[in-house]
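Numbering-wise, the working numbering puts 262 at position 262 of the sequence shown, and it's gapless, one number per residue.
Scroll down for the structure; my scribbles are underneath it.
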Amino acid sequence: MKVPKSHPRYESLVRRERLVKAWKDGIVVPEGLIAHGRGEAWDYLFGEETNAPALVAERVAAAYLLAAARPVLSVNGNVAALAASQVVRLARAIPARIEVNLFHRSTARVRRIQRVLERAGAGGVLGLHPNARIPGIESNRALSHRDGVFGADVVLVPLEDGDRAEALVRMKKVVISIDLNPLSRTSRHATVPIIDELTRALPNIEKFVKELESDRREAARVKRSYRRSGNIGAVFSFLAWRLEGLRKDSARPASGARRRKNRRLPD
Ligand code: PTJ
Numbered sequence: 001m002k003v004p005k006s007h008p009r010y011e012s013l014v015r016r017e018r019l020v021k022a023w024k025d026g027i028v029v030p031e032g033l034i035a036h037g038r039g040e041a042w043d044y045l046f047g048e049e050t051n052a053p054a055l056v057a058e059r060v061a062a063a064y065l066l067a068a069a070r071p072v073l074s075v076n077g078n079v080a081a082l083a084a085s086q087v088v089r090l091a092r093a094i095p096a097r098i099e100v101n102l103f104h105r106s107t108a109r110v111r112r113i114q115r116v117l118e119r120a121g122a123g124g125v126l127g128l129h130p131n132a133r134i135p136g137i138e139s140n141r142a143l144s145h146r147d148g149v150f151g152a153d154v155v156l157v158p159l160e161d162g163d164r165a166e167a168l169v170r171m172k173k174v175v176i177s178i179d180l181n182p183l184s185r186t187s188r189h190a191t192v193p194i195i196d197e198l199t200r201a202l203p204n205i206e207k208f209v210k211e212l213e214s215d216r217r218e219a220a221r222v223k224r225s226y227r228r229s230g231n232i233g234a235v236f237s238f239l240a241w242r243l244e245g246l247r248k249d250s251a252r253p254a255s256g257a258r259r260r261k262n263r264r265l266p267d
């Protein structure tokens, strides 16, 4: 479907079309479409913008990735469909390895996702020939690479299922998650949970990597001063403030112009 540029929800519709096409191409699983809908619902509540605490977490993520000895970015079907080139740019900026790691794993799908990443400019993508298992995970998601997620000290896990995030934390890795759901097990277990939309978060982290790269003292300070519970608490305070605004707005009659001006209600 061709989405008209004038549509008020143009970007959201383009993202959906991209996911549906990726599903037809065997990159995304049907469950990935459901996961995206859940993410969209949270993004509505957050106002479809990066909130201040998320921006802080993105800067902290950049500082951790820069300081890592073996940083790895984990990619699944949704991430490949929505943000392959952003992942590749971030991996180059750090620099970090990329591993395709799937919940609904099949060798054919790993290969297809690897190709998507390669077309976006990635080299040396891991995932096809795993040589290790992440302890404590029953599913094929445990399959990993010693040079990749298994051996990493800092792992970025966007749109993750909670099991693996928890297992990676048990392995004493620094786990950075990107998940719009602050209640998910991933967000609750990650060392640095980023409560933001994937395609907004990745370029923000890349920008911070480039900024902090030349100021390692500041990068160390950013890491030191991060307080996970304070940051997540601020996300919930922001959400409470948003909901209060939405409550007030919805008490008044609907007006398209006012809704757009206030930016409280999605179109
Ligand atoms: O490709 P596979 O086989 O590895 O499977 C990928 C999915 C996404 C199906 C799998 O990892 C899964 O089931 O994930 P969950 O448990 O549904 O978690 C996905 C989380 O990502 C949910 O909490 C969503 O709210 C969130 N989410 C969805 N889309 C976005 C998002 N967060 C940030 N940006 C998004 N675009």
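All C-beta atoms in this analysis are idealised placements derived from N, C-alpha and C, irrespective of residue type, glycine included.
Can you round the beta-carbon distance between V175 and V149 to whole angstroms, since I take them to be within the 8 Å contact cut?
Rounded, the Cβ-Cβ distance is 10 Å, inconsistent with contact.
Please name the residue, chosen from T186, E211 and S250, that lies closest to I232 on a Cα-to-Cα basis.
Nearest C-alpha to I232: T186.
Anticipated Cβ contact below 8 Å, I98 with L128, distance rounded:
Contact flag wrong, Cβ pair sits at about 12 Å.
State yes or no: is the C-beta of W42 nearer than 8 Å to some heavy atom of the ligand ZN?
Only the ligand PTJ can be found as ligands here, which leaves the ligand ZN out of the picture.
Near the ligand PTJ: T199 beta-carbon under 8 Å from a heavy atom:
A distance criterion of 8 Å places the beta-carbon of T199 in contact range of the ligand PTJ, judged by its closest non-hydrogen atom.
Applying the 10 Å Cβ sphere with the 16-neighbour rule, what's the burial state of L212?
Taking a 10 Å sphere around the C-beta of L212, we find 16 or more other C-beta atoms and assign the residue as buried.
With DSSP as the reference, label V87 as helix, strand or coil.
In this structure, DSSP gives V87 a helical state, which the three-state scheme calls helix.
Please give the ranges of any alpha helix (DSSP H) in the segment 221-252, keeping only runs that are unbroken, at least 4 residues long and fully inside the region.
If one requires a minimum length of 4 residues, the alpha helix (DSSP H) runs lying completely within the segment 221-252 are 228-251, in chain order.
Leaving out five residues on either side along the sequence, give the residues of the same chain with a beta carbon under 7 Å from the beta carbon of E218.
So the list reads L212, once near-sequence residues are dropped.
Just the C-alpha distance for A81 and G162, rounded to the nearest angstrom, thanks.
Taking the straight line joining both Cα atoms gives about 21 Å.
Does the Cβ of P53 have 16 or more other Cβ atoms within 10 Å, making it buried, or fewer, making it exposed?
When all chains shown are included, P53 counts as buried.
Can you name the start and end residues of the beta strand (DSSP E) that E99 belongs to?
Segment R97 to V100, the beta strand (DSSP E) holding E99.
Assign R141 to one of two classes, buried (16 or more other C-beta atoms within 10 Å of its C-beta) or exposed (fewer than that).
R141 sits buried, since 16 or more C-beta atoms from the chains shown fall within 10 Å of its C-beta.
What's the gap between the Cα of P193 and the Cα of A240?
Roughly 19 Å separates the two Cα atoms.
Is N204 near the ligand PTJ, judged by its Cβ being under 8 Å from some heavy atom?
Result no, Cβ not under 8 Å from the ligand PTJ.
If you follow the alpha helix (DSSP H) that S268 is in, where does it begin and where does it stop?
Nothing can be reported for residue 268, as the shown portion of the chain is limited to 1 through 267.
Mind checking whether N131 and F103 have CB atoms under 9 Å apart?
N131 places its beta carbon 9 Å or farther from that of F103.
Between V28 and the ligand PTJ, is the CB less than 8 Å from at least one heavy atom?
Under cutoff, so the answer is yes.
Leaving out the 5 sequence neighbours to the left and right, which residues in its chain are closer than 8 Å to R242 when beta-carbon positions are compared?
The residues are L45, F46, G47 and R264.
State yes or no: is the C-beta of H189 nearer than 8 Å to some heavy atom of the ligand PTJ?
H189: no, Cβ never under 8 Å from the ligand PTJ.
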